[in-house]
Amino acid sequence: MYVQVGPSVAPNSLYGLKDMSGAASTTAAASSSGSGLPFCGGGVGAAAARCCVVVPARQGKVSVLSSPFLGKTSGKLQYECTQAEWRRGKRNGKYSKENRSRIFASMIPMDSARIKVIGVGGGGNNAINRMIGSGLQGVEFWAINTDAQALLQSAATQRVQIGETLTRGLGTGGNPELGEKAAEESLDAIAEAVSDADLVFITAGMGGGTGSGAAPVVARLAKEGGQLTVGVVTYPFTFEGRRRAQQGLEAIEQLRKNVDTLIVIPNDRLLDVVQEATPLQEAFLLADDVLRQGVQGISDIITIPGLVNVDFADVKAVMSNSGTAMLGVGMSTGKNRAEEAAQQATSAPLIERSIERATGVVYNITGGKDLTLQEVNRVSQVVTGLADPAANIIFGAVVDDKYTGAVHVTIIATGFSQTFQKTLLDPKSARQEQQEPAKSETPWKRPAPVSSRFPQDFFSANDGVFGVLPNCTVS
1 MYVQVGPSVA PNSLYGLKDM SGAASTTAAA SSSGSGLPFC GGGVGAAAAR
51 CCVVVPARQG KVSVLSSPFL GKTSGKLQYE CTQAEWRRGK RNGKYSKENR
101 SRIFASMIPM DSARIKVIGV GGGGNNAINR MIGSGLQGVE FWAINTDAQA
151 LLQSAATQRV QIGETLTRGL GTGGNPELGE KAAEESLDAI AEAVSDADLV
201 FITAGMGGGT GSGAAPVVAR LAKEGGQLTV GVVTYPFTFE GRRRAQQGLE
251 AIEQLRKNVD TLIVIPNDRL LDVVQEATPL QEAFLLADDV LRQGVQGISD
301 IITIPGLVNV DFADVKAVMS NSGTAMLGVG MSTGKNRAEE AAQQATSAPL
351 IERSIERATG VVYNITGGKD LTLQEVNRVS QVVTGLADPA ANIIFGAVVD
401 DKYTGAVHVT IIATGFSQTF QKTLLDPKSA RQEQQEPAKS ETPWKRPAPV
451 SSRFPQDFFS ANDGVFGVLP NCTVS
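Take the sequence shown: its position 464, counting from 1, is numbered 464 in UniProt numbering, and each next residue is one higher.
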């Protein structure tokens, strides 16, 4: 949430925020030197302080705004703030109150990024059903298809039938041209589906008719509308035939031209991660689940509050107009779970090549309450050690009780210069070419791990460390 500072607080002196709702005590040991700072005092009974702005002043003084909740007026959460100035003693290091004044503050909830996931064609609709069944939260699901019967079976609440006149509610018979014409016939309906969103995922199975033909049209409308557009699609199994493989390649190339970021999961890579006796139906379900992981890996970073929060602007900075992207997922338990999960994610069979030379990386670390700072740092060392030294790296860290005892890492690497077709058809050659630097290129060394995402002078040893969660607008 954003913080607006009024005339009573110097704009360049804002230090931090602390959400005190439900706090049992009005005293917090917030100083890194060990001294307690009773910063959000006040409140009557259950109306304890909810918001606190801490402003460091000169000569060891700290100005504190504590805010008992008053109510909601005109969409704003109203607070009556008590401003108290505290001076830090030179001898004992403790704070003592000097004066108080009363001001008012309001808290305006920040609009979260609106995310839509649009499944196109039979493969895309199946992937949508898989995501809904897994409990993926914080996104709006849409199903687009020419097949009216398939739409009836979709779990998505929003459904769009395209090409009603052209296909009369039937499929496209595996013909991408028919799928494209069906989408062109229903441009207004598609435009409405992709509107009013910040981020649009387009998921589909490449190689068929509706997904291959209509997905690029859906992507084009989304990107023209100003939405960050991410394609997450599969490339067909070899046993599905040359025709579907060729149609898949052509569709991928068309889709790549109309999205900001494109993640392609070749189904053949699933053969490296499933057991010999895995039934065919289960293998296709696994392909749908990989699409889910690609979407969830990005959306969770934005929608789930974490230890390290990443907002939509951070993700957009990495993924906007970034072209080719690679997806890696890893999870491990045990003593070395952090390193193992990171190594799995960076060398997973679904990644056609190493993330080396990626110019943008988004990765998310999820663990239970037993997730440690050292483990987050170890994962970061593995990822930053492989990425380009100048890469824009964004990461989130989330605590989820269901991951207690495990560490889960999802990596999206972007900004590769190679075309998809070369990487897709000859991954070994692409990997070898990447690992052999050009003669004029100076070999790069593993960069040192970043100790903090904040500027070094952001915190002072004499000041408390406060959370940066709620929005407190002071006026």
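Idealized CB from N, CA, C, for every residue including glycine.
*Decide yes or no for the touch test of the stretch 398-407 against the stretch 329-340: beta carbon pairs closer than 8 Å, at least 3 of them.*
yes
*Start and end of the beta strand (DSSP E) containing residue 481?*
A question about residue 481 goes unanswered here, because the residues of the chain that appear run from 1 up to 475.
*Considering only C-alpha positions, which residue in the set 135, 171, 156 and 126 is nearest to residue 146?*
171
*Do three or more CB pairs link the stretch 182-192 to the stretch 153-165 at distances below 8 Å?*
yes
_Just verifying my parser: in three-state terms, what is the DSSP assignment at residue 161?_
strand
*Verify whether the separation of the beta carbon atoms of residue 318 and residue 414 is less than 8 Å.*
yes
*Helix or strand or just coil, what does DSSP make of residue 176?*
helix
*Could you give the distance in angstroms between the alpha-carbon of residue 297 and the alpha-carbon of residue 411?*
8 Å
*Secondary structure at residue 58, three-state DSSP: helix, strand or coil?*
The predicted position of residue 58 is uncertain, since its pLDDT is 43 and thus under 50; no value can be drawn from it.
*Going by C-alpha distance, which of 135, 228 and 174 is nearest residue 313?*
228
*Whole-angstrom Cβ separation of residue 207 and residue 245, contact assumed at under 8 Å?*
7 Å
*Which residues DSSP lists as bridging residue 199, in chain order*: 115 and 228
*Assign residue 274 to one of two classes, buried (16 or more other C-beta atoms within 10 Å of its C-beta) or exposed (fewer than that).*
exposed
*asked:* Looking at residue 391: is its Cβ nearer than 8 Å to the Cβ of residue 358?
replied: yes
_Neighbour-count burial assignment, residue 375, 16 or more Cβ in a 10 Å radius_ = buried
*Using the C-alpha atoms, what's the distance from residue 218 back to residue 383?*
33 Å
_Of the residues 347, 222 and 334, the one placed nearest residue 272, counting alpha carbons only_ = 347
_Helix, strand or coil at residue 453 [DSSP, three-state]_ = Any reading at residue 453 must be qualified, since the residue scores a pLDDT of 37, below 50, and its modelled position is unreliable; the value itself is stated next. Correct three-state label for residue 453: coil.
*Once you ignore the five residues that flank residue 123 on each side, which residues in its own chain have a CB closer than 7 Å to its CB?*
204, 205, 208, 211 and 234
_Element boundaries [beta strand (DSSP E), containing residue 366]_ = 360-367
*Helix, strand or coil: how does DSSP classify residue 346 here?*
helix
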